[in-house]
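Scroll down for the structure; my scribbles are underneath it.
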Amino acid sequence: MKKGFVFDLDGVITDTAKYHYIAWKELAAEIGIEIDLKFNEQLKGISRMDSLERILTLGNKNDAYSSEEKDALASKKNTHYVQLLQSLTPDDLLPGVKTFLEEAKHKGIPCAIASASKNAPFILDKLGVMQDFDVIVDPATLSKGKPDPEIFIQAAKGLNIEPSDAVGFEDAQAGIDGIKAAGMYAVGVYSGEELHGADTIVEKLTDLSIDELLAK
Ligand code: B16
Ligand code: MG
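Quick look at the structure:
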C-alpha cells in the first residue's frame with residue numbers, strides 16, 4: 373500500500389504557467405527576445421534561473437549579461453509574476469483538487485508539495501489549501517532542480533516514508549523523470565504535451581480513485 377502523496381504545484385494544483393508566460397514574455401521582449409507558447413512548454417517545472425538561461429540561449433545572449441545582471445533580470449520577472457498572482461483565489465484550483473486533498477486527509481494519507489517555485493507558499497495561501505499539506509519542500513535548499521530526483525526524495529523524507537511508498541503527481545516531463553528516478557509511482561497530469569514514462573496519465577484528479585492509487 374502507498375503511504376503518501378507528493379504533488380507538483382504549477383500544472384497539478386493550479387495553472388500558474390500562464391502567468392509565468394506573461395511575465396517571461398514581457399521580460400524577454402525588453403531584451404530583444406521573442407518567446408511563444410510552444411517555447412513556454414520548455415519552462416514548465418524548471419527553476420527561475422534555468423528558465424532565464426533557456427530564454428537567453430534562444431536569443432543567443434547567454435554571454436551578454438553578468439551573473440548580477442541575470443539575477444536582476446530574474447528578479448524583475450518575478451516581481452511582475454507575483455503581481456499577477458495577487459488575483460489568485462480558491463476558484464483557481466484545478467478540477468478535483470480540493471476533493472482529492474480532502475479525501476486523502478480523511479483517509480489519513482499525508483501530502484507534500486514538491487514544486488520548483490519559490491513562490492509556492494504564497495500561491496498555496498492564496499488558493500486556501502496551505503493547511504492541506506504536511507510538507508512543502510523549500511527549493512532553495514536543493515542542489516539540483518528537476519529532472520533530478522532530489523526534490524521528490526526530500527518530500528518523501530519530510531513525510532517520513534520511503535520514496536517507493538509514495539505516489540508523485542506531475543504535469544511536466546522534467547517532473548515525471550524526477551519522480552521515476554526517485555523510485556515513486558508517477559501520475560502524469562496531461563496538459564496538452566505528451567508525457568513519457570508516467571505509470572498512468574489523467575487529465576484531472578477527478579479521473580483517479582484514491583483507493584486504487586493506494587493499492588499500486
Ligand atoms: P518561481 P512547478 C515551476 O513550478 C514552474 O513550472 C516553472 O515554470 C517555474 O520556473 C518554477 O516553478 C520556478 O518558479 O519563479 O516562482 O520560483 O511546476 O515545479 O510547481
Ligand atoms: Mg508543474
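Under my numbering, the first residue of the sequence shown is numbered 373, with each subsequent residue one higher.
Ideal Cβ placement from N, Cα and C applies to all residues, glycine included.
Around LEU381, the same chain offers ILE485, SER487, SER489, ALA492 and ILE495 as residues with beta carbons nearer than 7 Å, after the five sequence neighbours per side are excluded. A distance criterion of 7 Å places the beta-carbon of VAL384 in contact range of ligand 2, judged by its closest non-hydrogen atom.
Beyond the five residues adjoining it in sequence on each side, GLY468 comes within less than 7 Å, by CB distance, of LYS576, LEU577 and THR578 in the same chain, given in chain order. When C-beta atoms of the region 465-481 are compared with those of the region 511-520, fewer than three pairs fall below 8 Å, so the two segments do not count as touching. In the three-state DSSP reduction, ASP463 falls in the helix class (H, G or I). Of GLU425, ASP464, ASP435 and LEU457, the smallest CA-CA separation from ALA446 is found for GLU425.
The shortest C-alpha to C-alpha distance from GLU413 to any of ASP435, TYR437, LEU399 and GLY383 is the one to GLY383. Here DSSP, grouped into helix, strand and coil, assigns GLU542 to strand. Taking a cut-off of 8 Å on C-beta distances, the region 496-509 touches the region 450-463, as three or more cross pairs fall below it. Between GLY404 and VAL559, the alpha-carbon positions lie close to 38 Å from each other.
For VAL561, the enclosing beta strand (DSSP E) covers residues 557-561. By the neighbour-count criterion, in which 16 or more other beta carbons inside 10 Å mark a residue as buried, LEU466 falls on the buried side.
Rounded to the nearest whole angstrom, the CA to CA distance from LYS397 to ALA436 is 18 Å. The closest CA to that of VAL509, considering only PRO521, GLN503 and GLN526, is found on GLN526.
For ASP387, the shortest C-beta to heavy atom distance toward ligand 1 is 7 Å or greater.
Boundaries of the beta strand (DSSP E) harbouring GLY376: 376-379, taken from the DSSP string. Taking the Cβ of GLY540 as the reference point, every heavy atom of ligand 1 lies at 7 Å or farther away. Around the beta carbon of THR513, fewer than 16 other beta carbons lie within 10 angstroms, which makes this residue exposed. Within the region 415-498, complete beta strand (DSSP E) segments of at least 3 residues are found at 483-485, given in chain order.
DSSP places THR388 outside both helix and strand once states are collapsed to three, so it counts as coil. Comparing alpha-carbon positions, the option among TYR557, ILE582, ILE548 and ALA554 lying closest to LEU567 turns out to be ILE548.
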